[in-house]
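Structure first, commentary second.
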Amino acid sequence: MVLPQEDEKNITEAIIELSDAQINQVKYARFTESQKRVFVLLLAIAAFQGPMASTAFLPAVQSIAEEFHTTGTMINSSNAVFCVAMAIAPCFFSPYIDFYGKKPIFFINSVLVAVCSLLVAVSQNLAMFWVFRIGMGFFGTCFVSLAGACMPDIYPVERRGRALSWCLTGVLTGPGLAPVLGGIIITWSHWRVIFWVQTGLSCLVAIAFFIFFKETGYNLAFHEWQRESGKRFKLVVVNPFRVIVALRISNLALIGYSSVALMYNMFNLLTPIRYVVDPRFNLTSPVYGSLFYLAPGMGYLTATFFSGKWSDYILIRQKTKRNGKVMFEDRLKAAIVPFAAVPPTILIYGWSLQKEKGGMALPIVAMFLNGFSQTMAITSTNAYVIESYPPMGSRSISSNYFVRYLGTAVGTASALPAINAIGVGWNSTITAFVVIAGLLCVIFVAFRGEKSRLRWMEKHSASLEQPV
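Heads up: the sequence shown runs through residues 193 to 660, numbered per our numbering.
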């Protein structure tokens with residue numbers, strides 16, 4: 193059944209009048225399959241912007257430092273602050289998305305990302321570069337952290353993992369592929385061109401959202417307020433710290449740490465690539481060192497073709513064993529094996545470089561497998577966070593991204609100092625232990641989390657359904 197494409201507000205009213213048994217059928221029939229695919233494509237492209245902004249400039253760090261008469265460490269520090277801004281942003285945007293809906297917030301943020309990218313491209317000094325880089329992180333994270341929140345609006349649980357994996361394509365391939373683009377640009381042009389390219393992409397995303405994206409939210413508090421008040425607009429003041437309340441839930445806190453571990457691993461791998469690879473293999477051109485980012489980048493990309501299908505397969509298989517009962521923790525069982533593959537791959541990468549063993553092939557293969565395993569794991573953990581506590585709306589995934597990007601900030605800021613102090617091998621060993629702790633969290637929630645979740649939901653779900 194496909195509903196005619198009426199005004200979203202009228203569709204919301206129609207849904208409210210249905211019984212609970214009919215809501216899901218109508219909710220998932222609001223959009224055609226073609227429209228859903230367009231939405232996922234737009235969200236994946238939009239989500240590419242945040243990771244692109246965080247890593248595309250890495251090959252140009254020395255050029256930027258020379259122009260602003262500072263050090264590469266100072267420029268890399270801006271990336272750590274950038275990641276802190278990415279962590280804070282979901283706390284602000286999540287309540288507005290729950291109240292106003294996703295389309296207006298996504299569109300406004302895409303415009304603001306374009307403005308900040310433009311101002312970074314024309315930066316006249318280091319302060320201007322820092323301020324608007326932070327703005328790119330703050331506004332660009334809206335897509336990264338909240339795009340996945342659209343999936344429960346348009347896909348049933350059995351198809352959600354596959355859709356989410358495509359949505360995560362932009363999030364997870366950005367950190368690996370963007371530096372290659374940056375390396376090509378800095379080799380034959382100026383570092384400012386990197387940010388001009390990002391400005392153009394942001395403008396295209398804003399236009400595409402305005403034209404093609406439909407509001408996926410239903411029963412929005414804003415529409416309810418319009419019906420009750422008869423007014424058209426209300427400016428709400430939200431408490432951004434309500435998002436962090438989700439971390440009081442033990443399951444979400446444990447999965448939050450597992451996400452921190454994976455992102456710490458990712459940016460401990462990505463941030464210092466040129467610093468450890470260039471001297472190891474005597475590379476002199478930025479573009480050659482940047483090509484090493486392709487190894488994890490292709491791992492991230494390749495895994496998106498399998499991670500969602502694998503996650504859905506495990507969920508459906510376990511559902512069949514339970515005679516049709518869905519247990520969201522089953523998704524985490526799909527993450528255990530790939531999660532366990534991350535520590536050995538980061539160890540092989542680090543020690544092969546430090547001991548100068550295996551030539552180029554060994555670290556490249558290790559980076560590919562590391563990226564592949566990470567994406568296979570994080571798709572399932574993301575899906576679990578999004579769907580396991582429905583009354584919390586986007587707050588569940590926003591809290592996860594809050595702690596996740598704090599892990600990114602720590603990984604970005606600590607990678608180079610740690611490598612300079614103890615070497616890439618020992619730094620990779622520390623990273624492996626961080627990831628192992630995250631794996632233990634996933635295993636615990638996968639096999640022990642259901643009772644805790646049901647008990648918590650029974651006690652707290654009613655109070656969480658209050659509007660912003």
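Using N, Cα and C, we set each Cβ at its ideal position, and we do this for glycine too.
None of these values were measured; they are calculated from a predicted model.
CA-to-CA distance, residue j to residue i, given in whole angstroms
i	j	result
Y581	A605	33 Å
D522	I528	11 Å
A279	A601	9 Å
P344	V385	38 Å
P471	L369	22 Å
F180	L598	Residue 180 falls outside the range modelled here, since the chain spans only 193 to 660, and no answer is possible.
I436	G551	45 Å
V389	Q241	11 Å
Y220	V626	39 Å
A607	W648	38 Å
V218	S381	52 Å
G329	G264	19 Å
I635	S357	21 Å
L631	R466	29 Å
N457	I300	32 Å
P535	T623	8 Å
T391	F298	16 Å
S644	R440	12 Å
V312	P282	22 Å
A638	R352	18 Å
Y576	E416	29 Å
F401	R222	18 Å
I346	L539	40 Å
M266	E258	11 Å
I541	F459	The amino acid occupying residue 541 in the given sequence is Tyr; Ile does not appear at that position. Approximately 14 Å, taken between the alpha carbons.
T224	A613	56 Å
I399	I508	38 Å
P367	S421	46 Å
N592	I289	16 Å
E650	E579	16 Å
W383	L304	21 Å
S286	P296	13 Å
C359	A277	22 Å
K294	P243	20 Å
K511	G617	43 Å
V349	C308	37 Å
Chain-order list of residues whose beta-carbon lies under 7 Å from that of residue i (same chain, five-residue window excluded)
i	result
G615	Q546
T494	F564
C395	A306
L475	V469 and G481
F473	M552
F594	A279, P282, C283, V435 and I436
S302	A238, S394, V397, A398 and F401
A533	L561 and S565
Integer-rounded CB distance, given that residue j should sit under 8 Å from residue i
i	j	result
K406	Q566	32 Å between Cβ atoms; not a contact.
S477	T379	6 Å
R596	K501	No, R596 and K501 are not in contact; Cβ-Cβ is about 24 Å, not under 8 Å.
L318	F387	Not quite, the Cβ-Cβ distance comes to about 15 Å (not below 8 Å), so this is no contact.
F235	C342	In the sequence as displayed, the identity of residue 235 is Leu instead of Phe. About 6 Å; that satisfies the 8 Å criterion.
M584	A445	So it is not a contact: roughly 13 Å between Cβ atoms.
G491	N562	6 Å
G489	T365	6 Å
I447	C633	7 Å
S451	I570	7 Å
I237	V479	With 8 Å as the limit, I237 and V479 do not qualify as a contact, their Cβ atoms being about 25 Å apart.
Cβ-heavy atom distance, residue i to the ligand ATP, below 7 Å
i	result
N457	Ligands in the displayed structure: none, and consequently the ligand ATP is not present.
Same chain, Cβ closer than 6 Å to residue i, five either side skipped, listed in chain order
i	result
V270	Residue 270 is actually Ser in this sequence, not Val. Cβ neighbours of S270 beyond the five flanking positions: W322 and R325.
A239	F335, V336, A339, G362 and V363
A487	I556, M559 and F560
M568	A495, S499 and P530
N619	A610 and I611
T463	T604 and A607
A526	W502, S503, I506 and S572
L310	T391
G641	N443 and E521
Same chain only: Cβ atoms within 8 Å of residue i, ignoring 5 sequence neighbours per side
i	result
A213	With a pLDDT of 48 at A213, under the threshold of 50, the predicted position of this residue should be treated as unreliable, and no value is reported.
R424	Q418
8 Å Cβ cutoff, residue i in contact with chain C
i	result
E548	The structure shown has no chain C; it contains just one protein chain.
Task: Inter-stretch contact (C-beta, 8 Å, three-pair minimum) for the stretch 364 to 377 and the stretch 245 to 255 - done: yes
Open item on the list: With three or more C-beta pairs closer than 8 Å as the rule, is the stretch 398 to 413 touching the stretch 255 to 272?
Closed with: Between the stretch 255 to 272 and the stretch 398 to 413 there are fewer than three C-beta pairs closer than 8 Å, too few to call the two in contact.
Task: At least three beta-carbon pairs within less than 8 Å, the stretch 586 to 593 to the stretch 508 to 521 - done: no
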